[in-house]
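Start counting at 1 in the sequence shown, then tack on 361, and there's your number in the working numbering. C-beta: ideal position from N, C-alpha, C; glycine also. Have a look at the structure below before the remarks.
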Amino acid sequence: MTSANPERVITIARSWLGTPYHDQASLRGVGCDCLGLARGIWREVVGPEPFPIPPYSRDWGETGPREVLAEGARRMMTEVEPAAAGPGALVLFRMKPRAIAKHVGILTGPDTFLHAYERLGVIEESLTHAWRRRLTFAFLFPQR
Numbered sequence: 362m363t364s365a366n367p368e369r370v371i372t373i374a375r376s377w378l379g380t381p382y383h384d385q386a387s388l389r390g391v392g393c394d395c396l397g398l399a400r401g402i403w404r405e406v407v408g409p410e411p412f413p414i415p416p417y418s419r420d421w422g423e424t425g426p427r428e429v430l431a432e433g434a435r436r437m438m439t440e441v442e443p444a445a446a447g448p449g450a451l452v453l454f455r456m457k458p459r460a461i462a463k464h465v466g467i468l469t470g471p472d473t474f475l476h477a478y479e480r481l482g483v484i485e486e487s488l489t490h491a492w493r494r495r496l497t498f499a500f501l502f503p504q505r
């Protein structure tokens with residue numbers, strides 16, 4: 362599978378900056394959560410979403426044995442080692458020890474990433490040590 366141009370992924374991701382945070386939404390400029398951001402970028406980079414996302418609760422990833430987001434991403438994207446992921450990669454974060462990965466972002470540089478964060482909306486920020494230690498999975502968008 363050929364990967365999408367990282368610069369294109371980043372340009373599209375940055376076009377979402379300032380979009381307000383809204384659970385389960387995926388509309389640039391209107392509202393999105395972190396998964397909705399990834400879904401919106403997918404639609405612009407790759408095309409229509411391959412399957413519908415069922416409704417989910419805010420605490421859906423607090424417990425459970427299955428890495429639901431990673432499993433879904435593996436069906437459609439190329440997985441890479443998180444340490445080897447570069448700009449344009451979709452990354453998944455484990456927000457609590459022993460919990461599953463439930464937060465999504467897009468790497469925009471070697472030390473920056475973009476994500477939708479509650480109360481802040483879509484922002485770009487430093488990939489600090491606190492974020493790096495939570496980074497659990499990384500995937501590349503396929504080329505259309």
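What does the alpha-carbon distance come out to for the pair residue i and residue j?
i: G425; j: R505; result: 33 Å
i: L453; j: R436; result: 15 Å
i: A434; j: V465; result: 11 Å
i: V483; j: P381; result: 6 Å
i: S376; j: G447; result: 19 Å
i: A450; j: R459; result: 24 Å
i: V391; j: A445; result: 33 Å
i: L398; j: L488; result: 18 Å
i: L415; j: E368; result: In the sequence as displayed, the identity of residue 415 is Pro instead of Leu. Their Cα atoms are separated by approximately 30 Å.
i: G401; j: T372; result: 13 Å
For residue i, tell me which candidate among the options has the shortest Cα-Cα distance.
i: R404; options: T489, R494, R459, V370; result: V370
i: A499; options: I484, V441, V483, R480; result: V441
i: G379; options: C395, M456, A491; result: C395
i: E428; options: E479, M456, F412, Q385; result: M456
i: P411; options: M438, R389, Y417, A386; result: M438
i: T469; options: E486, A462, A365; result: E486
i: L481; options: A365, L388, C393, S387; result: C393
i: R494; options: E479, P443, I467; result: P443
Taking a contact to mean a Cβ-Cβ separation below 8 Å, would you say residue i touches residue j in this structure?
i: P503; j: M362; result: yes
If we count Cβ pairs, one from each stretch, closer than 8 Å, do we get three or more for the segment 464-480 versus the segment 406-418?
-> no
Return the chain-ordered ranges of every alpha helix (DSSP H) run that is complete within the segment 366-436 and spans a minimum of 4 residues.
-> 367-375, 395-406
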